[in-house]
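Residue numbers (this note's numbering), protein chains in the order written: chain A, 22 to 415; chain B, 154 to 304; chain C, 136 to 329. The structure appears right after this line, and notes come after that.
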């Protein structure tokens, strides 16, 4: 029998509000609808009241996790508009910061995924090791989030020898942890039982929905803004785009775990090749015109468009975060799943809670089922699978 | 490297000109990677089909803008293999009832994009499969579109 | 992991040996590195009262107000986003400085403020504020001999050298009061004789 289950918008266990409406038949989900708006802050309008120099500070607060990607895309849009060439050293520093952000964001996701599956140890370990990266950020930029490194024309702070040493140390410390998680994702039988074949997004749908980032690359769609539309120092260092063909949540996890290793490679090369020179050019006035900037945020392409009438403020600033394109793919990945798998399938696109919004509350047959219950269902499934795997003769 | 880029530019430009034909009102490069194409609003479905199906571009997003004398909608397409972003610009002159054909029926990625533009500018996308409010809160008054100049 | 392997067990052993990673803050202090961006503090001696910090502040947390013969700059930490633009653009580089003090929690919103007051130079004709005395002196020093093109700057500079007083609506050059006048940019009362 069919039930409609509204999920959302507020629940004490979820970080931010969002609403999903699930159509449930028995234990299977047959349809899903997403309703947003609970966190809409009018950032695009706010930008129109700030100077070009001030806008990065507004947009870095769109999201706490990908706090660097939005300013990076914005300054690229402005530099496109104004025709500014950024100094080499700034390009390398921008790349280092962007890759450090990718590592911290993927570690955060690994922790969350573990939490939803019932591996709280993974959650604790991932977030603990992530602290190394945050300490590195605090030493370079003065803040653990909202680093405010990007500015039109370059970067605000230099990476001196002490900072270089510190970053190298933190990277050396985090590499074995990244490899640990990668190996666990590759060979843990319970993870495979939970995640293989779950939340499948076929490649044609990834293309049709305009999926981005690890969500797209896990469906065999080999797109990555860093390689396709080179910026920063990405075309001057060796690294690989991580693509998997599995299309399921396991593939998405593999992509992120592998990207940690690639990010470490990129950072090491940038530290080694960091060229001397200025870190910023002072922008002249922006001419009237338009500019587009896009970067590969941890979740996919972050796209900014800036328009100027020749004044010192943007007259239009368009922000498109990657989760905006990835969220609708839940219409393909969720139907057919059981309630127990809902949390991990929704979490698999790594929805930037701030960039687009979030969450969930379920009502079934009149009684309320919360996100906490969905997480509990998910963990119970993990327990069940563990028992089955330990006693394969069953 | 730059030789490849020049060839790619030429291929995209000729592909666009051939695919759009008379519908292409103007075409200009603002830099090596940024292409800007003007078309009439009536051509949008053919133009988007040309960019995505014929030329293999990805719709990255669309920007709505209140230009005082018209509403502009800019459809930004990424050519990932060539490293170029091409933008289709339409100008909707009717300020009382701004409308344009939706492309969301054949391009699912345009679905939320068009819903967002309706919310902030009030441009109606004819034939949109799901024209509900997306970003503005439930108690936001109808007919008030925050990114319009008067608002 | 549910079925721990040697690799996970080793990691667990390592972590147990290292002890808890969580600090008992606020039970114990957790100082930030020197470069950490905490709250910005005014330094009265190095501040010239130009108001650039208020101009560039992204969060509009710095308020500049002229009251009588004094200019007051006030920063509200509940609006401050700790971006550091104030320090970056301060024309002396030291008038407002960001400190690593990050824990500003309080129950009293009015307690998280900082302010600085600087003396103004006023037009002796209409009373409008020309600028802060320290700021005009700073400009005069930057311009060096170019400062002589502006009687106002010259007088303020000479006052700074100890040859008179330049606050409020009178600039007094000791013994030369009858020979010099302040020229107001707003009302343009004439004329200065050198």
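All residues carry an ideal CB built from backbone N, CA and C; glycine is no exception. It should be emphasised that the depicted structure is a prediction, and the values quoted were computed from it without experimental measurement.
At the C-beta level, residue 290 of chain A and residue 258 of chain A come within 9 Å of one another. Positions of the beta strand (DSSP E) runs, each at least 3 residues long and wholly inside the stretch 185-237 of chain B, are given as 187-192, 211-219 and 224-232 in order along the chain. Contact of residue 75 of chain A with chain C by beta-carbon distance below 8 Å involves 191, 193 and 220. Using beta-carbon distances, residue 218 of chain B counts as an interface residue toward chain A, with a partner under 9 Å. Of the residues assessed, residue 280 of chain A falls on the buried side of the cut-off, its CB having 16 or more other CB atoms within 10 angstroms. Proximity of the stretch 135-151 of chain A to the stretch 390-409 of chain A meets the contact definition, three or more beta-carbon pairs being nearer than 8 Å.
Interface annotation for the stretch 157-189 of chain C against chain A: 167, 168, 170, 171 and 172, criterion Cβ-Cβ distance under 8 Å. In this structure, A:148 is the residue among A:148, A:245, A:206 and A:177 with its C-alpha nearest to the C-alpha of residue 157 of chain C. Secondary structure at residue 292 of chain C: helix, using DSSP grouped into helix, strand and coil.
Assignment of residue 163 of chain C by DSSP, reduced to helix, strand and coil, places it in the coil class. Secondary structure note for residue 271 of chain C: it is in no beta strand (DSSP E), and the uninterrupted alpha helix (DSSP H) holding it is 268-278.
Two segments are said to touch when three or more pairs of C-beta atoms, one from each, lie closer than 8 Å; by this definition the stretch 181-198 of chain C touches the stretch 264-276 of chain C. Any Cβ of chain B closer than 9 Å to the Cβ of residue 348 of chain A would place that residue at the interface, and such an atom is present. Under a criterion of Cβ atoms nearer than 8 Å, the residues of chain B adjacent to residue 61 of chain A are, in order, 288, 289 and 290. About 11 Å separates the Cβ atoms of residue 226 of chain B and residue 192 of chain B, ruling out a contact at the 8 Å cut-off. Here residue 264 of chain C is bridged, per DSSP, to C:257. Nearest neighbour of residue 236 of chain A by Cα position, chosen from A:273, A:206 and A:226, turns out to be A:273. Identification of residues in the stretch 202-226 of chain A having a C-beta nearer than 7 Å to some C-beta of chain B yields an empty set. Apart from the 5 residues on each side of it in sequence, residue 48 of chain A sits with its Cβ closer than 7 Å to the Cβ of 359 and 360 in its chain, given in chain order. Around the beta carbon of residue 252 of chain A, a 10 Å sphere encloses 16 or more other beta carbons of the protein chains shown; the residue is thus reported as buried. The stretch 83-96 of chain A and the stretch 324-343 of chain A touch, with three or more beta-carbon pairs separated by less than 8 Å.
The closest CA to that of residue 219 of chain A, considering only A:299, A:365 and A:83, is found on A:365. Among the residues of the stretch 142-155 of chain C, those with a Cβ less than 9 Å away from any Cβ of chain A are 142, 143, 146, 147 and 150, in the order of the chain.
If you look at residue 73 of chain A, you'll find it isn't in any beta strand (DSSP E); DSSP assigns it neither H nor E.
Taking all protein chains in view, the Cβ of residue 151 of chain A is crowded by 16 or more other Cβ atoms within 10 Å, so the residue is classified as buried. In the structure shown, residue 88 of chain A falls within a coil segment according to DSSP collapsed to helix, strand and coil. Here the C-alpha atom of residue 224 of chain C lies approximately 7 Å from the C-alpha atom of residue 188 of chain C. Per DSSP, reduced to three states, the secondary structure at residue 239 of chain B is strand.
For residue 255 of chain B, the closest Cβ of chain A is not nearer than 9 Å. Nearest CB-CB separation between residue 274 of chain C and chain A: not below the 9 Å threshold.
For residue 324 of chain A, the secondary structure class from DSSP, reduced to helix, strand or coil, is strand.
Residue 178 of chain A is not bridged by DSSP to any residue. Relative to residue 245 of chain B, the option among B:169, B:194 and B:165 whose CA is nearest is B:194. Spatial neighbours of residue 370 of chain A in its own chain (CB-CB distance under 6 Å, excluding positions within 5 residues in sequence) are listed in chain order as 236 and 347. Across the structure, residue 173 of chain B and residue 205 of chain B are spaced so that their CA atoms are roughly 12 Å apart. Residue 171 of chain A is bridged by DSSP to A:176.
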